[in-house]
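Colleague: Quick one: the structure is below, questions incoming.
Residue numbers (UniProt numbering): 1 to 259.
Here you go:
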């Protein structure tokens, strides 16, 4: 694993991840997560659903961003392709609250990554695709219906997993490394949030993360396998409980985390 991949996976990378709990805060409020045992169960479920989706999308985006001109078989131009991938990500993120949280994190990561790797072609493509939709009119064509359905949301910024994959490519990471970073972040952030929310022993909470390491590797390997497939073939496991918790959280009067 490269040093650059460690940089991207580090919670100190200035991309705003500390402000999000990955659903742990509403789960604590609902009484679903109360201790280390219930936290571990929650994280295993999150890893196998939202974590797998993020890992696959990050690996796919990394593969796309790392390709040189002429290597991609995609029959669309770059702006269209990133919009399509963003729409596929939205289709796998049914809760509006989760989509907005993903885009907030995506915007923050894109800003930080473009400062860290200013010459990165993939990151520039993602930023240009967002700018292109902001300047486009309301008219839509007959093709690319999935992309067009998400155009209005895409104007608000790209999804986090999409940017993570492009940033990983900029850092010289492989799609497998991008998937590993995404899978790790899917549980590492929530563990940190749980320590704050439940006053857990940080050492024992880290032990939970250590016990999840084999599952993280498994999910990362699974997600990396989608790097060369069409976007429509990306995995789409459902997690209704996470969706409901996210929607409940945005209506809470008192919140420590944005999501």
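Here a beta-carbon is modelled for each residue, glycine too, at the ideal position from N, C-alpha and C. Computed from a prediction, not measured in an experiment: that's the story for all the values here.
(1) So does the segment 2-18 actually touch the segment 99-107, counting three or more Cβ pairs closer than 8 Å?
(2) Which value, in whole angstroms, describes the spacing of the CA atoms of residue 50 and residue 221?
(3) For the segment 39-72, list the alpha helix (DSSP H) runs that are entirely contained and at least 4 residues long, ordered along the chain.
(4) Does the beta-carbon distance from residue 116 to residue 123 come in below 7 Å?
(5) Give the straight-line distance between the Cα atoms of residue 245 and residue 111, rounded to the nearest whole angstrom.
(6) Specify the secondary structure class of residue 8 as computed by DSSP and reduced to three states.
(7) Does the count of Cβ pairs from the segment 191-208 and the segment 164-174 closer than 8 Å reach three?
(8) On the criterion of 16 or more Cβ atoms from any shown chain inside 10 Å, does residue 131 qualify as buried, or is it exposed?
(9) For the candidate residues 190, 192, 19 and 161, whose alpha-carbon lies nearest to that of residue 260?
(10) Residue 156: which of 184, 186, 87 and 218 sits nearest, CA to CA?
Modeller: On the basis of the data shown:
(1) yes
(2) Position 50 of the chain shown holds residue 50. Position 221 of the chain shown holds residue 221. Going from the Cα of residue 50 to the Cα of residue 221 covers about 15 Å.
(3) 52-66
(4) For the purposes of this step, residue 116 is taken as residue 116 along the chain shown, with counting starting at 1. For the purposes of this step, residue 123 is taken as residue 123 along the chain shown, with counting starting at 1. Not closer than 7 Å, so no.
(5) Position 245 of the chain shown holds residue 245. Position 111 of the chain shown holds residue 111. Distance between the alpha carbons of residue 245 and residue 111: 28 Å.
(6) Taking the first residue of the chain shown as position 1, residue 8 is located at position 8. Helix at residue 8.
(7) no
(8) Along the chain shown, one-based indexing puts residue 131 at 131. Counting Cβ neighbours within 10 Å, residue 131 comes out exposed, since fewer than 16 surround it.
(9) Because the chain here runs from 1 to 259, residue 260 falls outside it and cannot be looked at.
(10) If you number the chain shown from 1, residue 156 lands on position 156. Answer by Cα proximity: 87.
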